[in-house]
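Basically the working numbering = 1-based index in the sequence shown + 38. Worksheet: one structure, shown below.
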Amino acid sequence: MIRSHCSFVHSYRFMPLASHNLVCCVTFIFQTRPNLYILIIAKSGERKSSIVKTMTAVICQFEEEENHRRRSKMEQEDAQLSILKKQLDQYEKANKTEEAYSTRLQIKELERRHTRPLRLLADDVTPEALTSLLADNCGILSIISTEGGLFDTLSGRYSNMVSIDTILKAYTGDRIRVDRKNRDSEYIKDPALTILLSAQDNVLEELIKNEVFRNRGLPARILYSRPKSRVGARKYKVPEWSKELHAGYTKLVLDLLNIPLPEGRQPNSLTLDEDADQRAEQFFNKLETRLVGDLTSIDDWGGKYFGNMMRIAGLLHCVRHRNAPSKKPVSRDTIERAIKISKYFLEHAKFAYSQLGADKAVRGAKVILKRLSEQDKRELKRYEIFHLCRGEFSKTEDVKPSIDLLVEYGYLREYNDSTPTGGRPRGSKYLLNPLFFDK
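This is the structure:
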């Protein structure tokens with residue numbers, strides 16, 4: 039049986055059911071699945087790679103051991119396929135039509151049921167390969183990477199065409215059906231994909247400002263985190279994991295890995311008790327009014343905020359009751375914890391979306407100050423400032439909001455250049471404030 043490194047991600051979802059006992063186990067009337075897409079924004083040197091390697095070690099070990107167990111069965115099936123193909127070749131040479139037809143059916147059925155290696159994790163994967171991996175693993179997969187190259191791939195790095203259908207559908211569990219020439223069709227009835235990426239600020243900016251991504255709702259599906267940088271306060275020696283913490287984490291992950299897929303591979307149902315349902319309703323009602331108030335600027339992300347909170351609640355419940363998550367209802371305490379965690383992601387989503395506005399101008403202004411401090415001129419034209427900061431801005435017009443901010447705060451002073459231009463429009467020049475730049 040194929041399992042996922044977070045089996046609760048694909049094995050459970052909130053479904054509407056009738057109350058079934060006097061305790062009044064109320065179910066939430068919103069269908070969702072607790073798989074998450076998370077993007078961590080961190081600079082180079084934050085030790086992302088070593089952290090991810092440590093946290094995924096137990097998953098990789100589980101995958102390796104499971105594939106070792108499957109190896110003998112795969113070899114037997116390969117040998118059986120080889121025998122059937124030789125028989126088919128003989129029947130075709132002898133014009134034995136009925137026998138050849140029957141053998142082809144056997145080959146096709148054996149190939150359909152063929153045991154495949156278990157894949158729990160993917161990294162740098164194309165949309166086509168991602169679909170195939172999901173199909174081979176019962177629709178279950180995780181992408182965990184310390185780089186943001188996935189978004190470059192989705193935006194058409196290899197194909198010159200944006201391809202995000204699989205990513206979008208695997209978030210919500212929508213059916214995926216792909217037909218390609220010279221290949222068998224791939225059908226994934228109930229996909230569940232988990233994504234955890236860590237990348238630098240420029241990846242976030244490209245993600246948010248990509249019009250196709252925005253229009254189709256990819257950024258709205260992602261939970262953002264921008265932790266405080268540790269660069270400048272890192273230690274040469276860091277404490278090792280305590281044996282108790284390592285053992286506890288390992289056991290937790292293995293317990294989750296060993297939650298079996300339900301019969302028929304249909305997700306089980308998680309229910310809420312009455313108090314949890316009331317708290318969830320309160321949160322929903324309050325949030326709904328904010329979507330036309332203070333959250334208007336991120337209304338696409340805010341529209342999925344409640345669903346993501348419930349996904350987090352599902353994860354917390356399965357961690358707490360990992361031996362049999364569906365046998366106990368989700369408690370009010372779990373909902374409260376999920377709300378608290380989701381508020382963290384809300385604040386970081388505000389930062390992520392602000393990259394299109396004023397905060398981007400502030401960041402650009404800081405870059406300009408740094409580059410101006412590294413050169414000797416005391417007056418420059420706009421295009422000269424752009425050339426100094428070409429890696430930060432795409433075109434000359436993009437530098438103006440940051441320059442205007444520096445003018446407003448007194449770092450620069452704008453004046454009209456009186457130099458003859460031969461009929462061309464005169465551009466502005468900017469004087470550098472000597473009180474700052476001549477320190």
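Cβ coordinates follow ideal geometry from the N, Cα and C atoms, glycine included.
Local conformation of residue i per DSSP, three classes
| i | result |
| --- | --- |
| K247 | helix |
| A230 | strand |
| K433 | coil |
| K438 | helix |
| E412 | coil |
| R85 | coil |
| S307 | strand |
| G286 | helix |
| V64 | Annotation note: pLDDT 35 at V64 (below 50); position unreliable, coordinate value reported separately. Three-state result, V64: coil. |
| A160 | strand |
| L407 | helix |
| A208 | helix |
| A237 | strand |
| L473 | helix |
| I79 | strand |
| R252 | helix |
| Q69 | With a pLDDT of 46 at Q69, under the threshold of 50, the modelled position of that residue is not reliable, and the figure given next carries that caveat. In this structure, Q69 counts as coil in the three-state DSSP scheme. |
| R108 | helix |
| T92 | helix |
| V200 | coil |
| K273 | coil |
| T153 | coil |
| R367 | Going by the sequence as given, residue 367 is Pro instead of Arg. Coil. |
| K398 | helix |
| S280 | coil |
Proximal residues to residue i (C-beta, below 8 Å), its chain only, five neighbours per side dropped
| i | result |
| --- | --- |
| T24 | Residue numbering for the chain in the displayed model covers 39 to 477; residue 24 lies beyond these limits and cannot be assessed. |
| L122 | T141, Q144, I145 and L148 |
| R451 | V445, Y468, L469 and N471 |
| N346 | L74, L261, S380 and F383 |
| L290 | V357 and R360 |
| T434 | R420, Y421 and F424 |
| N105 | P155 and L156 |
| C427 | G402, V405, I406, R409 and V437 |
Closest by C-alpha distance to residue i, when choosing among the options
| i | options | result |
| --- | --- | --- |
| L188 | N175, I379, P72 and T204 | T204 |
| S432 | T184, E244, E224 and P155 | E244 |
| L179 | L74, S223 and H106 | L74 |
| N323 | D338, F344, D332 and I336 | F344 |
| I350 | E136, V330, E374 and S364 | E374 |
| N248 | Y391, L443 and I76 | Y391 |
| A403 | K388, I441, P367 and V368 | I441 |
| P155 | K134, E113, K131 and D127 | E113 |
| I336 | L294, L308, E385 and R272 | E385 |
| L310 | V276, T372, A117 and I233 | T372 |
| A387 | Y453, A258, R370 and V330 | A258 |
| P265 | W339, S236, D436 and E224 | S236 |
| I79 | K134, S267, M199 and A160 | S267 |
| K241 | Y287, V90 and G186 | The amino acid at residue 241 is misidentified as Lys; the sequence shows Val. When only C-alpha atoms are compared, the closest one is G186. |
| A95 | I182, I246, Q238 and P277 | I182 |
| Y447 | I89, L407 and Q316 | L407 |
Segment limits, beta strand (DSSP E) that includes residue i
| i | result |
| --- | --- |
| Y262 | I260 to S263 |
| V216 | I214 to V216 |
| I350 | No beta strand (DSSP E) contains I350, which is instead part of the alpha helix (DSSP H) from Y343 to R358. |
| D454 | For the sequence presented, residue 454 should be read as Asn rather than Asp. Where N454 is concerned, the enclosing beta strand (DSSP E) stretches over L450 to N454. |
| L179 | I178 to S183 |
N-terminal and C-terminal residue of the alpha helix (DSSP H) that residue i is part of
| i | result |
| --- | --- |
| R375 | R370 to S392 |
| L148 | T135 to R150 |
| L325 | E312 to R328 |
| L188 | G187 to L192 |
| G340 | D337 to G340 |
Residues bridged to residue i [DSSP beta-bridge criterion]
| i | result |
| --- | --- |
| L299 | Answer is none; L299 lacks a bridge partner. |
| L172 | Beta-bridge pairing links L172 to no other residue. |
| Y468 | L418 and E452 |
| Y225 | R215 |
Sequence-distant residues of the same chain with beta carbon closer than 7 Å to residue i, five excluded per side
| i | result |
| --- | --- |
| Y129 | E137, A138 and T141 |
| G83 | V269 |
| P229 | L172, G177, K207, A208, G211 and I214 |
| R107 | none |
| F474 | Y449 |
| S87 | T184 |
| S170 | E224 |
| D476 | none |
Residues near residue i by beta carbon distance below 6 Å, same chain, minus five either side
| i | result |
| --- | --- |
| V61 | Residue confidence is low: V61 scores 31 on pLDDT, short of 50, so the model does not pin down where it sits. Its coordinate-derived value is still stated next. Result list for V61: empty, nothing under 6 Å. |
| D217 | S223 |
| V90 | T184 |
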